[in-house]
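Asker:
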Amino acid sequence: MIRWGILSTGTIAKNFARTARQMGDVTLYAVASRSQESADEFGDAYGIEKRYGSYEALAADPQVDIVYVATPHSRHFEDMKLMIAAGKHILCEKSFTTDAAQAEEIFRLAREKGVFVMEAFWTKTLPVYREVEKLLEEGAIGDIRTVTAQYGYTTARQARKFDAALAGGTLLDIGVYAIGFACMMLGCRFDSIQSQLVMNPEGTDAIDAILLRRGDAVAQLTCAIGCQMPTHGAVYGTKGHIDIPDFKSAQRATLCLDGEAPRELAAPFEVNGFEYEIREAERCAAQGCRQSALLPPQWTVAVMRIMDEVRRQNGLRFPFEG
205 MIRWGILSTG TIAKNFARTA RQMGDVTLYA VASRSQESAD EFGDAYGIEK
255 RYGSYEALAA DPQVDIVYVA TPHSRHFEDM KLMIAAGKHI LCEKSFTTDA
305 AQAEEIFRLA REKGVFVMEA FWTKTLPVYR EVEKLLEEGA IGDIRTVTAQ
355 YGYTTARQAR KFDAALAGGT LLDIGVYAIG FACMMLGCRF DSIQSQLVMN
405 PEGTDAIDAI LLRRGDAVAQ LTCAIGCQMP THGAVYGTKG HIDIPDFKSA
455 QRATLCLDGE APRELAAPFE VNGFEYEIRE AERCAAQGCR QSALLPPQWT
505 VAVMRIMDEV RRQNGLRFPF EG
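Following this line, the structure appears as C-alpha coordinates:
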(Lines of atoms letter the chains of each structure in order from A and count residues from 1; the text may use other names and numbers.)
(Lines give C-alpha, C1' and ligand atoms only; values in the text may rest on other atoms or scores of the structure.)
Protein backbone atom coordinates (compact mmCIF):
# COMPACT_ATOMS: atom_id res chain seq x y z
CA MET A 1 0.00 0.00 0.00
CA ILE A 2 1.27 3.45 -0.98
CA ARG A 3 0.34 6.16 1.53
CA TRP A 4 -0.07 9.68 0.15
CA GLY A 5 0.63 12.97 1.85
CA ILE A 6 -0.77 16.22 0.44
CA LEU A 7 1.18 19.44 0.80
CA SER A 8 -1.12 22.47 0.92
CA THR A 9 -4.90 22.71 1.11
CA GLY A 10 -5.73 24.98 -1.82
CA THR A 11 -7.97 24.46 -4.84
CA ILE A 12 -5.72 22.06 -6.76
CA ALA A 13 -5.10 19.99 -3.60
CA LYS A 14 -8.86 19.68 -3.15
CA ASN A 15 -9.22 18.50 -6.74
CA PHE A 16 -6.52 15.90 -6.14
CA ALA A 17 -8.18 14.66 -2.95
CA ARG A 18 -11.62 14.43 -4.58
CA THR A 19 -10.17 12.41 -7.43
CA ALA A 20 -8.25 10.06 -5.14
CA ARG A 21 -11.36 9.42 -3.04
CA GLN A 22 -13.36 8.45 -6.12
CA MET A 23 -10.65 6.07 -7.35
CA GLY A 24 -11.22 3.78 -4.38
CA ASP A 25 -7.78 2.17 -4.35
CA VAL A 26 -5.71 5.23 -3.34
CA THR A 27 -4.77 5.83 0.29
CA LEU A 28 -4.82 9.46 1.41
CA TYR A 29 -2.98 9.29 4.71
CA ALA A 30 -1.78 12.80 5.63
CA VAL A 31 -2.23 16.47 4.79
CA ALA A 32 -0.14 19.47 5.79
CA SER A 33 -0.90 23.16 5.82
CA ARG A 34 0.77 26.19 7.31
CA SER A 35 -2.06 26.24 9.88
CA GLN A 36 -3.44 23.37 11.93
CA GLU A 37 -6.98 24.65 11.44
CA SER A 38 -6.72 24.44 7.66
CA ALA A 39 -5.19 20.95 7.82
CA ASP A 40 -7.96 19.77 10.14
CA GLU A 41 -10.70 21.17 7.90
CA PHE A 42 -9.14 19.52 4.86
CA GLY A 43 -8.73 16.23 6.71
CA ASP A 44 -12.36 16.28 7.82
CA ALA A 45 -13.56 17.01 4.30
CA TYR A 46 -11.63 14.17 2.67
CA GLY A 47 -11.35 11.60 5.44
CA ILE A 48 -7.61 12.00 5.96
CA GLU A 49 -6.25 10.57 9.20
CA LYS A 50 -3.13 12.64 9.85
CA ARG A 51 -3.29 16.45 9.81
CA TYR A 52 -0.18 18.57 10.25
CA GLY A 53 0.16 22.31 10.85
CA SER A 54 3.56 22.46 9.15
CA TYR A 55 5.23 20.95 6.10
CA GLU A 56 8.16 19.83 8.24
CA ALA A 57 5.84 17.68 10.38
CA LEU A 58 4.53 15.83 7.35
CA ALA A 59 8.07 15.30 6.07
CA ALA A 60 8.99 13.75 9.43
CA ASP A 61 6.16 11.20 9.34
CA PRO A 62 7.75 7.83 8.37
CA GLN A 63 4.38 6.47 7.24
CA VAL A 64 4.14 8.91 4.32
CA ASP A 65 5.45 7.25 1.14
CA ILE A 66 4.72 9.84 -1.55
CA VAL A 67 3.80 13.53 -1.40
CA TYR A 68 1.62 15.53 -3.76
CA VAL A 69 3.13 19.04 -3.78
CA ALA A 70 0.36 21.53 -4.45
CA THR A 71 1.94 24.71 -3.10
CA PRO A 72 2.43 27.86 -5.26
CA HIS A 73 5.11 27.75 -8.00
CA SER A 74 7.42 29.90 -5.92
CA ARG A 75 7.52 27.26 -3.17
CA HIS A 76 7.95 24.09 -5.24
CA PHE A 77 11.75 24.09 -5.18
CA GLU A 78 12.15 24.41 -1.41
CA ASP A 79 9.19 22.16 -0.63
CA MET A 80 10.49 19.38 -2.86
CA LYS A 81 13.96 19.66 -1.34
CA LEU A 82 12.40 19.21 2.10
CA MET A 83 10.51 16.10 1.01
CA ILE A 84 13.47 14.58 -0.84
CA ALA A 85 15.70 15.03 2.21
CA ALA A 86 13.06 13.09 4.17
CA GLY A 87 13.12 10.27 1.60
CA LYS A 88 9.66 10.91 0.18
CA HIS A 89 8.62 10.21 -3.41
CA ILE A 90 7.02 13.24 -5.08
CA LEU A 91 4.33 14.18 -7.56
CA CYS A 92 4.65 17.96 -7.98
CA GLU A 93 2.17 20.25 -9.67
CA LYS A 94 3.15 22.06 -12.80
CA SER A 95 4.86 24.29 -13.44
CA PHE A 96 7.43 22.08 -11.75
CA THR A 97 9.74 24.89 -10.63
CA THR A 98 10.30 28.51 -11.61
CA ASP A 99 13.23 27.72 -13.91
CA ALA A 100 15.15 24.85 -15.50
CA ALA A 101 18.13 25.14 -13.14
CA GLN A 102 15.87 24.45 -10.17
CA ALA A 103 14.29 21.49 -11.98
CA GLU A 104 17.69 19.99 -12.75
CA GLU A 105 18.73 20.40 -9.11
CA ILE A 106 15.60 18.64 -7.88
CA PHE A 107 16.13 15.66 -10.15
CA ARG A 108 19.81 15.50 -9.14
CA LEU A 109 18.88 15.44 -5.46
CA ALA A 110 16.23 12.80 -6.13
CA ARG A 111 18.77 10.56 -7.87
CA GLU A 112 21.20 10.90 -4.98
CA LYS A 113 18.49 10.09 -2.43
CA GLY A 114 17.00 7.30 -4.53
CA VAL A 115 13.46 8.67 -4.62
CA PHE A 116 10.94 9.03 -7.43
CA VAL A 117 9.95 12.53 -8.58
CA MET A 118 7.50 13.40 -11.38
CA GLU A 119 5.83 16.57 -12.58
CA ALA A 120 2.03 16.49 -12.38
CA PHE A 121 1.57 17.38 -16.04
CA TRP A 122 -1.66 15.43 -16.21
CA THR A 123 -2.32 16.18 -19.88
CA LYS A 124 0.52 13.92 -20.99
CA THR A 125 -0.93 10.96 -19.07
CA LEU A 126 -4.41 11.09 -20.66
CA PRO A 127 -5.38 7.95 -22.63
CA VAL A 128 -6.50 9.77 -25.79
CA TYR A 129 -2.92 10.91 -26.33
CA ARG A 130 -1.73 7.31 -26.59
CA GLU A 131 -4.03 7.07 -29.63
CA VAL A 132 -2.77 10.37 -31.04
CA GLU A 133 0.85 9.30 -30.55
CA LYS A 134 0.19 6.07 -32.41
CA LEU A 135 -1.30 7.94 -35.37
CA LEU A 136 1.67 10.31 -35.52
CA GLU A 137 4.16 7.44 -35.29
CA GLU A 138 2.38 5.69 -38.16
CA GLY A 139 2.54 8.86 -40.26
CA ALA A 140 -1.23 9.01 -40.57
CA ILE A 141 -1.28 12.78 -41.25
CA GLY A 142 2.03 12.84 -43.12
CA ASP A 143 4.81 15.23 -42.17
CA ILE A 144 3.79 17.65 -39.42
CA ARG A 145 3.80 21.26 -40.53
CA THR A 146 1.89 23.18 -37.87
CA VAL A 147 0.77 22.75 -34.28
CA THR A 148 -1.66 25.17 -32.66
CA ALA A 149 -2.86 25.53 -29.09
CA GLN A 150 -4.88 28.19 -27.32
CA TYR A 151 -6.22 28.47 -23.79
CA GLY A 152 -7.57 31.44 -21.87
CA TYR A 153 -9.86 31.98 -18.91
CA THR A 154 -11.26 34.63 -16.60
CA THR A 155 -11.21 34.33 -12.83
CA ALA A 156 -12.28 36.15 -9.70
CA ARG A 157 -8.87 35.16 -8.28
CA GLN A 158 -6.96 37.24 -10.84
CA ALA A 159 -4.90 39.08 -8.21
CA ARG A 160 -3.74 35.75 -6.78
CA LYS A 161 -3.00 34.34 -10.24
CA PHE A 162 -0.92 37.39 -11.19
CA ASP A 163 0.99 37.66 -7.89
CA ALA A 164 4.68 38.03 -8.78
CA ALA A 165 5.78 36.93 -5.29
CA LEU A 166 4.15 33.54 -6.00
CA ALA A 167 5.67 33.27 -9.52
CA GLY A 168 2.26 34.11 -10.92
CA GLY A 169 1.25 35.03 -14.43
CA THR A 170 -0.03 33.21 -17.47
CA LEU A 171 3.17 31.45 -18.55
CA LEU A 172 3.79 29.25 -15.51
CA ASP A 173 0.08 28.81 -14.80
CA ILE A 174 -1.29 27.81 -18.22
CA GLY A 175 1.34 28.62 -20.82
CA VAL A 176 3.00 25.41 -19.70
CA TYR A 177 -0.02 23.50 -21.06
CA ALA A 178 0.41 24.93 -24.55
CA ILE A 179 4.19 24.49 -24.57
CA GLY A 180 3.81 20.97 -23.24
CA PHE A 181 1.29 20.19 -25.98
CA ALA A 182 3.69 21.46 -28.65
CA CYS A 183 6.43 19.27 -27.20
CA MET A 184 4.09 16.27 -27.20
CA MET A 185 3.49 16.78 -30.92
CA LEU A 186 6.94 17.89 -32.10
CA GLY A 187 9.43 16.91 -29.40
CA CYS A 188 11.15 19.34 -27.08
CA ARG A 189 14.05 20.60 -29.20
CA PHE A 190 13.31 23.67 -31.29
CA ASP A 191 15.47 25.60 -33.72
CA SER A 192 13.97 28.91 -32.68
CA ILE A 193 11.74 30.38 -29.99
CA GLN A 194 9.97 33.71 -30.46
CA SER A 195 7.54 35.27 -28.04
CA GLN A 196 5.60 38.33 -27.00
CA LEU A 197 4.13 38.79 -23.53
CA VAL A 198 1.55 41.42 -22.61
CA MET A 199 2.34 42.43 -19.05
CA ASN A 200 -0.11 43.44 -16.33
CA PRO A 201 0.18 46.07 -13.56
CA GLU A 202 1.35 43.36 -11.13
CA GLY A 203 4.50 42.85 -13.20
CA THR A 204 3.63 39.43 -14.57
CA ASP A 205 2.25 38.29 -17.91
CA ALA A 206 -1.43 38.43 -18.85
CA ILE A 207 -1.24 37.30 -22.50
CA ASP A 208 1.37 35.03 -24.08
CA ALA A 209 2.00 34.59 -27.81
CA ILE A 210 4.71 32.01 -28.54
CA LEU A 211 6.08 30.73 -31.86
CA LEU A 212 8.28 27.64 -31.87
CA ARG A 213 10.02 26.29 -34.97
CA ARG A 214 11.55 22.89 -35.58
CA GLY A 215 12.76 22.27 -39.10
CA ASP A 216 9.80 22.72 -41.45
CA ALA A 217 7.24 22.73 -38.63
CA VAL A 218 6.01 25.57 -36.43
CA ALA A 219 3.90 25.71 -33.28
CA GLN A 220 1.69 28.75 -32.66
CA LEU A 221 0.59 29.08 -29.04
CA THR A 222 -1.67 31.66 -27.36
CA CYS A 223 -2.66 31.76 -23.70
CA ALA A 224 -4.26 34.37 -21.46
CA ILE A 225 -5.63 34.99 -18.00
CA GLY A 226 -8.41 37.56 -18.02
CA CYS A 227 -9.57 36.62 -21.51
CA GLN A 228 -11.95 33.74 -22.17
CA MET A 229 -11.07 31.71 -25.25
CA PRO A 230 -11.92 28.20 -26.46
CA THR A 231 -9.41 25.61 -25.30
CA HIS A 232 -8.30 23.90 -28.49
CA GLY A 233 -5.27 22.13 -29.91
CA ALA A 234 -4.52 20.72 -33.34
CA VAL A 235 -1.68 19.19 -35.32
CA TYR A 236 -1.59 19.65 -39.10
CA GLY A 237 0.32 17.50 -41.55
CA THR A 238 0.78 17.04 -45.29
CA LYS A 239 -2.00 14.40 -45.44
CA GLY A 240 -4.50 15.75 -42.92
CA HIS A 241 -4.83 16.92 -39.35
CA ILE A 242 -5.94 15.95 -35.85
CA ASP A 243 -8.27 18.24 -33.89
CA ILE A 244 -8.11 17.98 -30.10
CA PRO A 245 -10.82 20.05 -28.38
CA ASP A 246 -10.02 20.96 -24.78
CA PHE A 247 -6.48 19.72 -25.38
CA LYS A 248 -5.34 20.16 -21.78
CA SER A 249 -8.00 17.75 -20.51
CA ALA A 250 -8.81 15.90 -23.73
CA GLN A 251 -11.17 12.95 -23.86
CA ARG A 252 -11.53 12.89 -27.62
CA ALA A 253 -9.80 13.81 -30.84
CA THR A 254 -10.81 13.84 -34.50
CA LEU A 255 -8.62 12.50 -37.30
CA CYS A 256 -9.31 14.36 -40.54
CA LEU A 257 -7.56 12.93 -43.59
CA ASP A 258 -7.77 14.58 -46.99
CA GLY A 259 -10.68 13.13 -48.96
CA GLU A 260 -11.95 10.91 -46.13
CA ALA A 261 -14.71 11.16 -43.55
CA PRO A 262 -13.53 12.31 -40.10
CA ARG A 263 -12.70 9.56 -37.61
CA GLU A 264 -13.48 10.10 -33.95
CA LEU A 265 -11.12 8.92 -31.21
CA ALA A 266 -12.71 8.73 -27.75
CA ALA A 267 -11.19 7.91 -24.37
CA PRO A 268 -13.59 9.03 -21.64
CA PHE A 269 -12.21 9.64 -18.15
CA GLU A 270 -12.85 7.16 -15.39
CA VAL A 271 -13.09 10.03 -12.89
CA ASN A 272 -11.94 13.45 -14.09
CA GLY A 273 -8.54 12.87 -15.71
CA PHE A 274 -6.33 13.38 -12.65
CA GLU A 275 -6.51 9.64 -11.97
CA TYR A 276 -3.98 8.82 -14.69
CA GLU A 277 -1.12 10.89 -13.26
CA ILE A 278 -1.94 9.53 -9.78
CA ARG A 279 -1.77 5.96 -11.04
CA GLU A 280 1.46 6.57 -12.94
CA ALA A 281 3.17 8.11 -9.91
CA GLU A 282 1.89 5.40 -7.58
CA ARG A 283 2.95 2.63 -9.99
CA CYS A 284 6.46 4.05 -10.30
CA ALA A 285 6.83 4.48 -6.53
CA ALA A 286 5.54 0.96 -5.83
CA GLN A 287 7.83 -0.64 -8.41
CA GLY A 288 10.93 1.22 -7.27
CA CYS A 289 11.24 3.27 -10.46
CA ARG A 290 13.23 6.47 -10.14
CA GLN A 291 11.54 8.16 -13.09
CA SER A 292 8.50 7.77 -15.29
CA ALA A 293 8.97 6.72 -18.91
CA LEU A 294 5.84 8.70 -19.71
CA LEU A 295 6.96 11.90 -17.96
CA PRO A 296 10.75 11.67 -17.58
CA PRO A 297 12.88 14.37 -15.96
CA GLN A 298 14.41 15.44 -19.28
CA TRP A 299 10.95 16.26 -20.64
CA THR A 300 10.13 18.47 -17.66
CA VAL A 301 13.50 20.23 -17.84
CA ALA A 302 13.13 20.83 -21.58
CA VAL A 303 9.73 22.49 -21.11
CA MET A 304 11.17 24.63 -18.30
CA ARG A 305 14.02 25.73 -20.60
CA ILE A 306 11.53 26.94 -23.20
CA MET A 307 9.73 28.95 -20.54
CA ASP A 308 13.08 30.31 -19.34
CA GLU A 309 13.79 31.59 -22.84
CA VAL A 310 10.34 33.16 -23.16
CA ARG A 311 10.88 34.95 -19.86
CA ARG A 312 14.38 36.05 -20.93
CA GLN A 313 13.10 37.51 -24.19
CA ASN A 314 10.49 39.56 -22.35
CA GLY A 315 12.45 40.53 -19.25
CA LEU A 316 10.09 38.67 -16.92
CA ARG A 317 11.69 38.09 -13.54
CA PHE A 318 10.13 37.45 -10.15
CA PRO A 319 11.02 39.52 -7.05
CA PHE A 320 12.70 36.59 -5.29
CA GLU A 321 15.04 36.06 -8.29
CA GLY A 322 16.88 39.31 -7.65
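Read in order, the letters of the sequence shown are residues 205 to 526 in our numbering.
Quick reminder that beta carbons are idealized off the backbone N, C-alpha and C, glycines included.
Taking just the CA atoms, how far does residue 248 sit from residue 339?
Answerer: If you number the sequence shown from 1, residue 339 lands on position 135. If you number the sequence shown from 1, residue 248 lands on position 44. C-alpha separation (whole angstroms): 45 Å.
Asker: Assess, as a yes-or-no matter, whether the stretch 501–518 is touched by the stretch 298–311 under the definition of 3 or more beta carbon pairs within less than 8 Å.
Answerer: A contact exists between the stretch 298–311 and the stretch 501–518.
Asker: Just to confirm my understanding: we take residue 402, look at its own chain, exclude 5 residues before and 5 after, and list those with CB closer than 6 Å. What are they?
Answerer: The residue labelled residue 402 in the question sits at position 198 within the sequence shown. Result list for residue 402: 410 and 411, in chain order.
Asker: Are the CB atoms of residue 319 and residue 293 within a distance shorter than 7 Å?
Answerer: As a working note, residue 293 is residue 89 in the sequence shown. As a working note, residue 319 is residue 115 in the sequence shown. Yes. Within cutoff.
Asker: Can you tell me where the alpha helix (DSSP H) with residue 505 in it begins and where it stops?
Answerer: Within the sequence shown, residue 505 is the residue found at index 301, counting from 1. Taken as a continuous stretch (DSSP letters only), the alpha helix (DSSP H) holding residue 505 covers 501–518.
Asker: Are the CB atoms of residue 358 and residue 455 nearer to each other than 7 Å?
Answerer: By one-based count along the sequence shown, residue 358 stands at place 154. By one-based count along the sequence shown, residue 455 stands at place 251. Not closer than 7 Å, so no.
Asker: If you run the structure through DSSP and keep just helix, strand and coil, what is residue 376?
Answerer: What you label residue 376 is simply residue 172 of the sequence shown in a count that begins at 1. In this structure, residue 376 counts as helix in the three-state DSSP scheme.
Asker: Can you check the stretch 371–444 for any alpha helix (DSSP H) of at least 4 residues that lies completely inside it and give the ranges in chain order?
Answerer: Runs found: 380–390.
Asker: How do the stretch 475–495 and the stretch 360–370 stand: do at least 3 beta-carbon pairs fall below 8 Å, yes or no?
Answerer: As far as the Cβ criterion goes, the stretch 475–495 does not touch the stretch 360–370, which means the pair count is below three.
Asker: Which parts of the stretch 262–309 are runs of the alpha helix (DSSP H), unbroken and 4 residues or longer, counting only runs that do not cross its ends?
Answerer: Here the runs fully enclosed are 277–289.
Asker: Identify the continuous beta strand (DSSP E) that holds residue 470 and give its terminal residues.
Answerer: The residue you call residue 470 lines up with position 266 of the sequence shown. That run of the beta strand (DSSP E) goes 467–470.
Asker: Is the CB-CB distance between residue 415 and residue 386 below 7 Å?
Answerer: Locating residue 415 in the sequence shown gives position 211, counting from the first residue. Locating residue 386 in the sequence shown gives position 182, counting from the first residue. No; because the gap between Cβ atoms is not below 7 Å, this pair is not in contact.
Asker: At 4 residues or longer, what runs of the alpha helix (DSSP H) sit wholly inside the stretch 214–246?
Answerer: Qualifying alpha helix (DSSP H) stretches, in chain order: 215–227.
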